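J.: There's a structure below that I have some questions on.
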Amino acid sequence: MTAKRKTASPRKAARPVKSAPPVAPVTPVADAPQFRYFHDKVAPWVDRGTVYGFELREELSKPTIEHGESAICALATVTTGSVFGITSGKRGHAFYFHPAFGVVDLGVISEKPVVGGAIVHTRDDILVGGWHGETGGMFRHAAAREFGTGQEDFYSRKEPLVPVALPATGEGILAVAWNASDRRTYAVTTTKRLVSVGDDDTTARVDVELGLQQPAPALLCLSDGTLLGAVDEGELWQYRPDAAAIERLAVCAPCEKGKRYVAGVQSLLLSRSGTVYGGTSTDGFVFAYDAARRVLTNLGKPHRQSVIRCLVEGHDGLIYGIVQEPHGMAHLFLFDPERRAFEDLGVLNAFIPVQWAAHSLGAMCTGIHGELFLGEDDTIAHLFAYYPPIPKKRGP
1 MTAKRKTASP
11 RKAARPVKSA
21 PPVAPVTPVA
31 DAPQFRYFHD
41 KVAPWVDRGT
51 VYGFELREEL
61 SKPTIEHGES
71 AICALATVTT
81 GSVFGITSGK
91 RGHAFYFHPA
101 FGVVDLGVIS
111 EKPVVGGAIV
121 HTRDDILVGG
131 WHGETGGMFR
141 HAAAREFGTG
151 QEDFYSRKEP
161 LVPVALPATG
171 EGILAVAWNA
181 SDRRTYAVTT
191 TKRLVSVGDD
201 DTTARVDVEL
211 GLQQPAPALL
221 CLSDGTLLGA
231 VDEGELWQYR
241 PDAAAIERLA
251 VCAPCEKGKR
261 YVAGVQSLLL
271 SRSGTVYGGT
281 STDGFVFAYD
291 AARRVLTNLG
301 KPHRQSVIRC
311 LVEGHDGLIY
321 GIVQEPHGMA
331 HLFLFDPERR
341 AFEDLGVLNA
351 FIPVQWAAHS
361 LGAMCTGIHG
371 ELFLGEDDTI
381 AHLFAYYPPI
391 PKKRGP
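Using our numbering, you'd call the opening residue of the sequence shown number 1 and step up by one each time.
Below you can see the structure in the form of structure tokens.
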């Protein structure tokens, strides 16, 4: 029987391969038109320089400054680089920021509600601070040994807060200033007087009564030892420690027509050039004051909002400030004395170490390297560090 030979089946034609649709060239997100539009024309965030945000707690530790008592109301820098501050809220705390440990809680300064406070670096690494609220108080703190603790120790050091008794029970502190001429710290109190404390004093003395008007939460010391402050209606005053009374100056902070009765000064700054800069609490004006000639110049408004909450001088010679009206969004701005021009830098928004946008900022100071530290004063508060940009210069 002969086997049938298999015949090869005709080979099926290969299906035509469909060509893939052309792939659009990849556009980097940063170059996408919609991103650039948002970044350049919509986003309110600070994009000049770098912003860091820190929670109010020590690294690898449970927070002890709880929400509701963490609003930062005062900041000051010492020569070692640490930044010290006071918080307000249901209770008040004193703290410091150390680059190795984060924010270190020095302890509760008041078990009763705190509304505001002030702190100043005096000599060496000694600070004097105070607060006001349902009650008030004052303290001294030696900080040098705290910075000496290094990362190899894995824990922070906490030196004690030394209480300074105020003349009246419940008296609070609105503003403080260090006078190198007589080595005393002066403070404006809620009882409308000027008190002072020496290096080793445990009780503050009354130096002078400020009168019937409500003092502003601002005080500074000029290079000759004269103290400068303000009262209601934006009126400036000065006081020399060897005088018997304050001197009311025939100078008032600027305000809109018809608002003198509610005008006030919220912040004062002595620049390295000797010019005094100030910010108002009603219309948001920034002014310059020549103390030698007793001439005040209105520099204008940096923003549409109405309160200049803080003013500091950067190492770049620029004046930085925070403007924010009640229930408004805090904006960082600068004033260039050479160009006599303002610039709105925007709203602080940090991404490292934590992501957080600052709604309300109540305190500010300049670090030893030219960075700016800013304290949030919301129910949940953070400490921010802002590094201004380094200008490009032509090399050799």
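Cβ coordinates follow ideal geometry from the N, Cα and C atoms, glycine included. None of these values were measured; they are calculated from a predicted model.
List the DSSP bridge partners of glutamine 238.
T.: Counted from its first residue, the sequence shown places residue 238 at position 238. Note: glutamine 238 sits in a beta bridge opposite Leu228 and Glu247.
J.: What's the gap between the Cα of glycine 211 and the Cα of leucine 332?
T.: The residue you call residue 211 lines up with position 211 of the sequence shown. The residue you call residue 332 lines up with position 332 of the sequence shown. For glycine 211 and leucine 332, the distance between alpha carbons rounds to 34 Å.
J.: Take the Cβ of proline 215 as the centre, count every other Cβ of all protein chains shown within 10 Å, and call the residue buried at 16 or more, exposed below.
T.: In the sequence shown, the residue the question calls residue 215 occupies position 215. Buried is the call here.
J.: Rounded to a whole number of angstroms, what is the C-alpha to C-alpha distance between cysteine 252 and leucine 236?
T.: The residue given as residue 252 occupies position 252 in the sequence shown. The residue given as residue 236 occupies position 236 in the sequence shown. Those two C-alpha atoms are separated by around 6 Å.
J.: Which runs of the alpha helix (DSSP H) at least 4 residues long sit entirely within the stretch 35-84? Give them in chain order.
T.: Fully enclosed alpha helix (DSSP H) runs of 4 or longer: not present.
J.: If you draw a straight line from the alpha carbon of phenylalanine 101 to that of arginine 48, how long is it in whole angstroms?
T.: Counted from its first residue, the sequence shown places residue 101 at position 101. Counted from its first residue, the sequence shown places residue 48 at position 48. Their backbone Cα atoms lie some 27 Å apart in a straight line.
J.: Taking 8 Å as the threshold, find out whether the stretch 59-79 comes into contact with the stretch 376-390 through three or more Cβ pairs.
T.: They touch, by the three-pair rule.
J.: Check whether the Cβ atoms of alanine 76 and isoleucine 119 sit closer than 8 Å, and answer yes or no.
T.: Numbered from its first residue, the sequence shown carries residue 76 at position 76. Numbered from its first residue, the sequence shown carries residue 119 at position 119. A contact, by the Cβ cut-off of 8 Å.
J.: Tell me whether the stretch 129-144 and the stretch 103-117 touch, counting them as touching only if at least three CB pairs, one residue from each stretch, are closer than 8 Å.
T.: Taking 8 Å as the limit for Cβ pairs, the verdict is that the stretch 103-117 does touch the stretch 129-144.
J.: So, for serine 306: in the same chain, excluding its five sequence neighbours on each side, which residues have a beta-carbon less than 7 Å away from its beta-carbon?
T.: The residue you call residue 306 lines up with position 306 of the sequence shown. Excluding sequence neighbours, serine 306 sits near Thr282, Asp283, Gly284 and Glu325.
J.: Please confirm whether glycine 225 and arginine 240 have their CB atoms less than 8 Å apart.
T.: By one-based count along the sequence shown, residue 225 stands at place 225. By one-based count along the sequence shown, residue 240 stands at place 240. Yes, the Cβ-Cβ distance between glycine 225 and arginine 240 is below 8 Å.
J.: Let me know if tryptophan 178 comes out buried or exposed under the rule of 16 or more other beta-carbons within 10 Å of its beta-carbon.
T.: Counting from 1 along the sequence shown, the entry for residue 178 is found at position 178. Burial call: buried.
J.: Quick check: the Cα distance between alanine 363 and glycine 278, rounded to an integer number of angstroms?
T.: The residue labelled residue 363 in the question sits at position 363 within the sequence shown. The residue labelled residue 278 in the question sits at position 278 within the sequence shown. Roughly 15 Å between the two C-alpha positions.
J.: So, helix, strand or coil for arginine 193, using DSSP?
T.: Numbered from its first residue, the sequence shown carries residue 193 at position 193. Correct three-state label for arginine 193: strand.
J.: Specify, as a first and last residue, the run of the alpha helix (DSSP H) that arginine 145 falls within.
T.: Taking the first residue of the sequence shown as position 1, residue 145 is located at position 145. Element bounds for arginine 145: 144-147.
J.: Could you check where the beta strand (DSSP E) with isoleucine 308 kicks off and where it finishes?
T.: Residue numbering aside, residue 308 sits at position 308 when the sequence shown is read from its first letter. That run of the beta strand (DSSP E) goes 308-313.
J.: Is histidine 141 closer than 8 Å to leucine 161 when the C-beta atoms are compared?
T.: Locating residue 161 in the sequence shown gives position 161, where the first residue counts as 1. Locating residue 141 in the sequence shown gives position 141, where the first residue counts as 1. Cβ distance < 8 Å, so leucine 161 and histidine 141 count as in contact.
J.: For a cutoff of 8 Å on Cβ pairs, would you count arginine 272 as touching chain B?
T.: Here chain B cannot be found, since the structure has a single protein chain.
J.: Short of 8 Å in beta carbon distance, which residues of its chain neighbour histidine 369, apart from the five on each side in sequence? Order them along the chain.
T.: On the sequence shown, position 369 is the one that residue 369 refers to. Contacts found: Gly81 and His315.
J.: Can you tell which of His382, Gly234, Ala245 and Phe342 has its C-alpha closest to the C-alpha of proline 398?
T.: Only positions 1 to 396 of the chain appear in this structure, which leaves residue 398 out of reach.
J.: Please state whether DSSP places arginine 260 in a helix, a strand or coil.
T.: Along the sequence shown, read from residue 1 onward, the residue named residue 260 stands at position 260. Helix at arginine 260.
J.: Quick one: what's got a C-beta closer than 6 Å to glutamate 59's C-beta in the same chain, skipping five residues either side?
T.: Reading the sequence shown from its first residue, position 59 is the one you call residue 59. Counting only Cβ-Cβ distances below 6 Å, and skipping sequence neighbours, we find Phe101 and Gly102.
J.: Which first and last residues belong to the beta strand (DSSP E) in which isoleucine 319 is found?
T.: For the purposes of this step, residue 319 is identified with residue 319 of the sequence shown, where counting begins at 1. From DSSP, the beta strand (DSSP E) with isoleucine 319 extends over 319-323.
J.: Who are the Cβ neighbours of threonine 64 in its own chain at under 6 Å, not counting the five residues just before and after it?
T.: To locate residue 64, count along the sequence shown from 1; it is residue 64. Answer for threonine 64: Asp105, listed in chain order.
J.: Look up threonine 185 in the DSSP assignment and give the residues it is bridged to.
T.: Here residue 185 refers to the residue found at position 185 when the sequence shown is read from its first residue. Answer is Trp178 and Val197.
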